[in-house]
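A.B. asks: Going by the working numbering, the sequence shown opens with residue 24, and the numbers climb by one from there.
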Amino acid sequence: MKQFERYLRNTPPSCLRGFKLKKGKFARDYGDEADTTSSVWQIACRCGSSEGKFLGHPLKDYDDEYDDPDFISPLKFECNKCKAITPILDTDKHGYHADLDRREGEDDGGSCKIRGKGKPKEYVCPDCGKNIFKIKAGFVFWNLSELEESFEDRWEDLFMVFICKCKCVGCGEVVEPTDFGKL
Ligand SMILES: [Zn+2]
Ligand SMILES: [Zn+2]
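1. Can you tell me whether Ser28 is helix, strand or coil according to DSSP?
2. On the three-state DSSP scale, how would you describe Trp64?
3. Is the segment 64-73 touching the segment 81-94, taking contact as three or more C-beta pairs under 8 Å?
4. Starting from Ser168, trace the alpha helix (DSSP H) in both directions and tell me its first and last residue.
5. Tell me which residue opens and which closes the beta strand (DSSP E) that His80 is part of.
6. Under the DSSP definition of a beta bridge, which residues are partnered with Tyr98?
7. Can you round the beta-carbon distance between Ser61 and Phe162 to whole angstroms, since I take them to be within the 8 Å contact cut?
8. In angstroms, rounded to a whole number, what distance separates the CA positions of Cys102 and Leu78?
9. Specify the secondary structure class of Cys187 as computed by DSSP and reduced to three states.
10. Which of the three DSSP states is assigned to Leu44 in this structure?
11. How would you write the range of the beta strand (DSSP E) that Ala160 sits in, first residue to last?
12. Using a Cβ-Cβ cut-off of 8 Å (strictly less than) and excluding sequence neighbours within five positions of Lys43, which residues of its own chain qualify?
13. Is the beta carbon of Arg51 within less than 7 Å of some heavy atom of ligand 1?
14. What residues sit near ligand 1, counting only those whose C-beta is closer than 5 Å to one of its heavy atoms, in chain order?
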């Protein structure tokens, strides 16, 4: 593995800084296309517990034409043990385009994604209706050689795709509650 690719695979993006992290894996590798790689992290609360609620905003509350249970950001994790709430991702601040804007000094973030407002809601398992999950967060990077040449630092924050896999503690089903497309 090239050195830069190894760096991306082993360096968690700053949006996960509130968590204890373990390197994880998805069943399918999202970094298998040419000049692409991904990093996957099993998240746990600072207290050590990896089980909790997945908080976010149902897209259908913001878009009438939408019927799926997908969540939009800000996404958070509420620990089932100590109840601490830790941010996972905010599309206004995180991901390639938002990070690029910040690097260029535009404070307001460049997200064109719809973003939730107000109190977040709990994601509920579509299979069993329970709300406690173990969560893996994945980040996909494209055009590695261009990325490495165009930037001087914090490449780990320049991910184009965010993937979240939540394993229901109740029934074992793995659900993907978000679908942001290109960030
Ligand atoms: Zn905790
Ligand atoms: Zn379930």
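Where is the CB? At the ideal position from N, CA and C, for every residue including glycine. Owing to the predicted nature of the structure, the values given are computational and were not obtained by experimental measurement.
C.D. replies: Reading from the atomic positions:
1. Rather than Ser, the amino acid found at residue 28 in this sequence is Glu. For Glu28, the secondary structure class from DSSP, reduced to helix, strand or coil, is helix.
2. Secondary structure of Trp64 (DSSP, three-state): strand.
3. Not touching, per the Cβ criterion.
4. Counting along the chain, the unbroken alpha helix (DSSP H) around Ser168 starts and ends at Leu167 to Ser173.
5. Annotation: the continuous beta strand (DSSP E) that includes His80 extends over Glu74 to Pro81.
6. Before going on, a small fix: residue 98 reads as Leu here, not Tyr. According to DSSP, Leu98 bridges with Leu112.
7. Indeed, because the Cβ distance is near 6 Å, the residues count as touching under 8 Å.
8. If you draw a straight line from the Cα of Cys102 to the Cα of Leu78, it comes to about 11 Å.
9. Judged by DSSP in its simplified three-state form, Cys187 adopts strand.
10. Strand at Leu44.
11. Here the beta strand (DSSP E) through Ala160 covers Phe156 to Phe164.
12. Result list for Lys43: Ile66, Ala67, Cys68, Arg69 and Gly71, in chain order.
13. Remark: the shortest separation between the CB of Arg51 and any heavy atom of ligand 1 does not fall under 7 Å.
14. These are the residues, in chain order, with a beta carbon less than 5 Å from any non-hydrogen atom of ligand 1: Cys68, Cys70, Ser72, Cys102, Lys104, Cys105 and Ala107.
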